[in-house]
Amino acid sequence: MVAHVALASFLYVLLTIARAPKIWGIGQRPDGSNPWATVEPRISANLSNQFEWPLLFYAACLLLIQSHSEASIASLLAWTFIVGRVAHSCVQVLTTNIRLRGLVFTVNFLATLGLWVVVLQPRTAA
Numbered sequence: 002m003v004a005h006v007a008l009a010s011f012l013y014v015l016l017t018i019a020r021a022p023k024i025w026g027i028g029q030r031p032d033g034s035n036p037w038a039t040v041e042p043r044i045s046a047n048l049s050n051q052f053e054w055p056l057l058f059y060a061a062c063l064l065l066i067q068s069h070s071e072a073s074i075a076s077l078l079a080w081t082f083i084v085g086r087v088a089h090s091c092v093q094v095l096t097t098n099i100r101l102r103g104l105v106f107t108v109n110f111l112a113t114l115g116l117w118v119v120v121l122q123p124r125t126a127a
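Counting from 2, one number per residue, gives the positions in the sequence shown under this note's numbering.
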């Protein structure tokens, strides 16, 4: 979860930099235009995405922590989700390839569903 917070924080910093020419005039081109104008909406959209599906990732992680689950598969799924989120951010911010973005999102989607399967596994008393 900390890795995802770091990703979202990085995206906030990147968005601030991308908006600086428009908001503060810092980094404008000689003609006054924003060199980040084409990528700024994609950064903003990606940042919004960090608060949609990941909500279910956080809920699953918190339930696993609360249950003191030591399932290594849960750790693998959580890290798969994080790597997928980073890849999703790179694809969404750096390209306009919707198909690739959908494919990468599917990795995040399946990893989170896998976490929920682990959460829903019956626990046996020790």
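Built from N, CA and C at the ideal position, the CB exists for glycine as well.
{"query": "Continuous alpha helix (DSSP H) assignments of at least 4 residues falling wholly in the segment 88-127", "result": "99-121"}
{"query": "Buried or exposed (CB count within 10 angstroms, at least 16 for buried), Glu-41", "result": "buried"}
{"query": "Nearest-angstrom Cα separation, counted from Ile-44 out to Ala-38", "result": "10 Å"}
{"query": "C-beta contact flag for Phe-110 and Phe-82 at 7 Å", "result": "no"}
{"query": "Pick from Gly-28, Leu-116, Pro-123, Val-92 that is closest to Leu-63, judged by C-alpha positions", "result": "Leu-116"}
{"query": "Span of the alpha helix (DSSP H), counted from its first residue to its last, around Asn-47", "result": "41-50"}
{"query": "Cβ pair Ala-112, Leu-78 closer than 7 Å", "result": "yes"}
{"query": "Residue interval of the alpha helix (DSSP H) (run including Ser-10)", "result": "3-24"}
{"query": "Segment limits, alpha helix (DSSP H) that includes Pro-55", "result": "55-67"}
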